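J.: Residue numbers (our numbering), protein chains in the order written: chain E, 115 to 422; chain S, 115 to 422; chain Y, 115 to 422; chain U, 115 to 422.
Glycine is no exception: its CB is placed at the ideal position from the N, C-alpha and C atoms.
Please read these numbers as outputs of a predicted model, since none were measured by experiment.
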């Protein structure tokens, strides 16, 4: 399959309202670059306003409303040796009475060692400088043009994707987005070198990336929210507030998926979900929170598939 | 250490307001039996009103308000070969517009094979009868007498524990509860043979158990919510609604624990949490939802300990 | 009808788990005294631990589970010339990022002029000392013994009533509580000389009162939550978190009331509610928030009645 | 002051991303027409897709980011003699277990008698046909172009206004919106002949209107959310989910307004809010709920003004 190299020269801080920068065929692969969340590139130069500037959008031939655009993240290579976070945790994730005790949020630097597969905190207090965690790249913000001609800030998320900040959206993951505009129009950016559940400090380890991804098309796909498949799990993702609402939409989407693809009803699907479901809090920081409803791949769930 | 065998003859559907049925020394082990959530014993006989009747309470010598009572779940052996669930999923975990499509919740039976370590759905539709999942016993409801002389229904949960329905509360887990009454007064019951995140069908696989547990005491312990340690993780647990509130209290409790035991501040603790935290939705069904804030045991978190 | 004078000598910081201090016949009136929320009486003496110590409970002859106990607040006379509040507003009612700017909550004093019908801020900053508002007495916390033998802290509320902190619960209001224990067992206290919606500073103007109230009984009443009637409105009250949940329960209770008493169905009831409903945020401070679903008394709603 | 007559020929289902249809000077008045929420005009003809099609946008000379655009609703005259609602109430405002009992939502017709000032239900069941309520016109959806070049569906709301569905936004109300684009760019539509709190049936009484409004400009205005002044009250409006979040933002905005215009601090502002605040649930139906924080006009609050 062809590989397209696309070098972006402009970026978008909204999703939607912008023509395709490149159109590819189903099955094609694209290699491109993303800025960090503050608009900074691999040399530390500011290339776009802060707030998750996006590369793209990329169109896929033949995509129409009612289809699903599928993106497989093949590779994410950091394009510089540092990233940054904020600290402490957001006021949104502690008890109201603890908020007053929290220090003002400030920026911290991390060293990224792509070869060793680690990230390490640098230049912080002596007690914690050197803390080292695994490098686990992921796309914080990506998705397609939203419905009704909207152009929506990359701060938030919805059925079209957007700023979901889910740590499982890294290499090996395939994500299906419901198409609203011809071509689908995939935007992507806001890469993180690492991130815990919830993005509770308001950032992952933010840095610039080279991203390689493959686009596919599923005609007449019924998903209402993003669906995902990794080596080990299948997930549905939904956004809203409070977390309860995001969980409700993600669970509903999983039930619809199980019912459609396995030919069972909601009572039967519930036997599986009731005993085996896992919920991941993707983000509990952005204007819309995001929750994943996850099931392990096993004899039952192998009947679910995005790519067939 | 001594092992006490306690055979219950009465049960309580509230936590608090009831004298100890047995007092043990720190380090002692107790072997006892629990009814299922509907009040049914190993022979299928109704021994107490439905709604999580509790065995206990068990007092530990020397426990006073301000201390922590620690319970290590040593073993949970199902005392019968069947359990039950309800289906479909609760109206609380799907989109409002999907609720009207859900069938009325009805009871289903499961076969428990303790030797094989499995549970299997029986007597349901042909398409799903025989679905088999791992046996993963856990205590749905347990905790100590609440503060201020309250007696609170075993339907709900709070800082004293209660109906948390967290699937990680099985054999190998040690849980610390803040003590409010002399002796602490541990109640326990509502065992599940298996349960997914959130207890979203309103039940785990409900059955009766023989439970072996060890009680310990930590004097002048500072926890405000339950803390837990397993072979692989440390967690804090908190209750509330919506999920956001439970998550806030659990995160705050974890920050307090990290700050106290590691001698760091909230900014430093946030570097760890921001990149490594995991959230588990323990239950999203009961009057109070319950969320776990979890960290893996590693070089940093091994400084946290319940038992030292 | 007889008037009973009852002078309390002990108080309860939980609702439930306590025998009646006085039993009266339906239609009887009681005159008694309440402490302020901190346990202080008319002379400023501490008579009970802080946290809404209750006077009572009062039993009504013939009340059984499934009935409703009705209390009409006839009169509330402040028994001292001062009250107190806290300031600033709670962290729970401002944006997370504003919490850090809020000063620590401290106590302020108010002069109560029962004759003039006013309350006035005293001893605060020059800019605001002398601010004067109408005296509008109300009961912050009252209700009956909860179900299942529970004894629940007067900090919170539920179907049995409790710390609802609704400003419309003053003289002239009749409130119906669902009975769970023989006699019903009415507790009352936590009087406020004034309070805005939501009790957003965590207090009303807290003071001690002489309260005159009449008890009535409605056999086989179907309410699941408190219902209320004033000179101008009918309301249902419910508790929960977030506000959405309290609103849902209050609306459901109003629909049940309309359907039962007017002989209409939920679609028909919705025509009225959709155009005429008013929601009051009773409290957005306590462990359980409280919302009132309110309708004006008019040709349609006059078919609703508590006392007939 | 000049009066501009503007007859729309096209409409927008998003707010933003569209040039001005008319530019006026501060103080000018505009008379125009709005479609109903389904895109229907005074003759019952479909003129735009359903979902709150907007008339406008109208620019005001000199408006720049950081200013406030003020709109005074002078008059709303229904342009036809009928309106419509849906029934029953939304699944979002009842307890989850009641949702399954609700009938499918269907459309109902109302007669509008502008002279008598009433609306009356027609063609429903015999028990309720003829129910008559006061005509209380209001704008369901209006506001300015949002920040960052966004174009956002008229289904939802935010700091720029949008689908707030607040029943107090009728004739006599002046609303200030924070300006993000040059000219401010006011969109308006979705008029209701009547509506209760919360828009709980998902509609007001939807109909087409002639609307007369005056535009004014306040340079360097500090509001972050809509502020409003009526004959009797001042309000701040904010959007979010759950209701708690909308209430938090509205309260924060009111505190900022009090602090700025009255020269007091947040503790002093809290004395007023704690005793006198009223909260209105504008809508509890749309993707973002909307809450008003309201204070009566009195000696203290007369220092607040939008137009000075």
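Cβ of residue 361/U less than 8 Å from any chain S Cβ?
T.: no
J.: Strictly below 8 Å CB to CB, what residues from chain S border residue 216/U?
T.: 214
J.: At a Cβ cut of 9 Å, what residues of the stretch 338-371 of chain Y count as close to chain S, listed as they run along the chain?
T.: 354, 355, 356, 358 and 359
J.: Quick one: grab the DSSP three-state call for residue 290/Y.
T.: strand
J.: Please report the straight-line C-alpha distance between residue 155/Y and residue 234/Y, rounded to a whole angstrom.
T.: 20 Å
J.: Relative to the C-alpha of residue 250/U, which candidate in 271/U, 300/U and 309/U has its C-alpha closest?
T.: The closest CA to that of residue 250/U, considering only 271/U, 300/U and 309/U, is found on 309/U.
J.: How many Å lie between residue 123/U and residue 266/U at the Cα?
T.: 21 Å
J.: Going by CA-CA distance only, name the one from 115/Y, 153/Y, 142/Y and 212/Y that's closest to residue 364/U.
T.: 212/Y
J.: Let me know the alpha helix (DSSP H) ranges lying completely inside the stretch 159-228 of chain S, each 4 residues or longer, listed in chain order.
T.: 210-213
J.: Check whether the Cβ atoms of residue 329/E and residue 149/E lie closer than 8 Å to each other.
T.: no
J.: Using a C-beta to C-beta distance shorter than 7 Å, which residues of chain E count as neighbours of residue 277/U?
T.: Those do not exist, as residue 277/U stays about 13 Å from chain E at its closest Cβ, beyond 7 Å.
J.: Using 8 Å for Cβ pairs, my map puts residue 368/Y next to residue 257/Y. What's the rounded Cβ distance?
T.: Contact between residue 368/Y and residue 257/Y does not hold, since the beta-carbon distance rounds to 19 Å and is not under 8 Å.
J.: So, using beta-carbon positions, are residue 391/S and residue 314/E closer together than 8 Å?
T.: Taking 8 Å as the Cβ cut-off, residue 391/S and residue 314/E qualify as a contacting pair.
J.: Can you give the Cα-Cα distance for residue 311/Y and residue 393/U, rounded to whole angstroms?
T.: If I take the Cα positions, the gap works out to 6 Å.
J.: Taking 8 Å as the threshold (C-beta atoms), are residue 375/U and residue 331/U in contact?
T.: no
J.: Does the beta carbon of residue 160/U come closer than 8 Å to any beta carbon on chain E?
T.: It does not; no Cβ of chain E falls within 8 Å.
J.: Considering residue 353/S, what are the terminal residues of the beta strand (DSSP E) in which it resides?
T.: 347-354
J.: Can you find the residues in the same chain that come closer than 8 Å, C-beta to C-beta, to residue 125/Y, ignoring five residues on each side of it along the sequence?
T.: 149, 153, 161, 162, 167, 168, 169 and 303
J.: Going along chain Y in order, which residues have a C-beta closer than 8 Å to the C-beta of residue 311/U?
T.: 391, 392 and 393
J.: State the Cα-Cα distance for the pair residue 216/U and residue 207/E, rounded to the nearest angstrom.
T.: 36 Å
J.: Please say whether residue 293/U and residue 179/U have beta carbons closer to each other than 8 Å?
T.: yes
J.: Please report the Cβ distance between residue 202/E and residue 380/S, rounded to the nearest whole angstrom; I am assuming they are in contact, meaning their Cβ atoms lie under 8 Å.
T.: 5 Å
J.: On the premise that residue 327/S lies in contact with residue 143/S, defined as a C-beta separation below 8 Å, what is that separation, rounded to the nearest angstrom?
T.: 7 Å
J.: Is there a Cβ from chain Y that is less than 8 Å from the Cβ of residue 202/E?
T.: Using a CB distance cut-off of 8 Å, residue 202/E does not count as an interface residue toward chain Y.
J.: Does the beta carbon of residue 315/U come closer than 8 Å to any beta carbon on chain E?
T.: No - not a single Cβ of chain E is within 8 Å of the one on residue 315/U.
J.: Going by alpha carbons, who is nearest to residue 372/Y out of 345/Y, 346/Y and 341/Y?
T.: 341/Y
J.: Does DSSP classify residue 234/Y as helix, strand or coil?
T.: strand
J.: Between the alpha carbons of residue 214/E and residue 402/S, how many angstroms are there, rounded?
T.: 26 Å
J.: With a threshold of 6 Å on Cβ separation, who are the neighbours of residue 298/S within its own chain once the five nearest residues in sequence on each side are excluded?
T.: 174, 177, 183 and 258
J.: Taking any Cβ of chain Y, which residues in the stretch 175-207 of chain U have a Cβ under 7 Å from it, in chain order?
T.: 199, 201, 202, 203 and 207
J.: CA-CA distance, residue 222/E and residue 236/E?
T.: 8 Å
J.: I'd like the span of the beta strand (DSSP E) that includes residue 396/Y, first residue to last.
T.: 392-397
J.: Let me know the secondary structure DSSP gives residue 406/U once reduced to three states.
T.: strand
J.: Following the continuous beta strand (DSSP E) through residue 252/E, name the residue where it begins and the one where it ends.
T.: 252-258
J.: Is residue 278/U buried or exposed, if buried means 16 or more other CB atoms sit within 10 Å of its CB?
T.: buried
J.: 8 Å is my cut-off, CB to CB: does residue 265/Y come that close to chain S?
T.: yes
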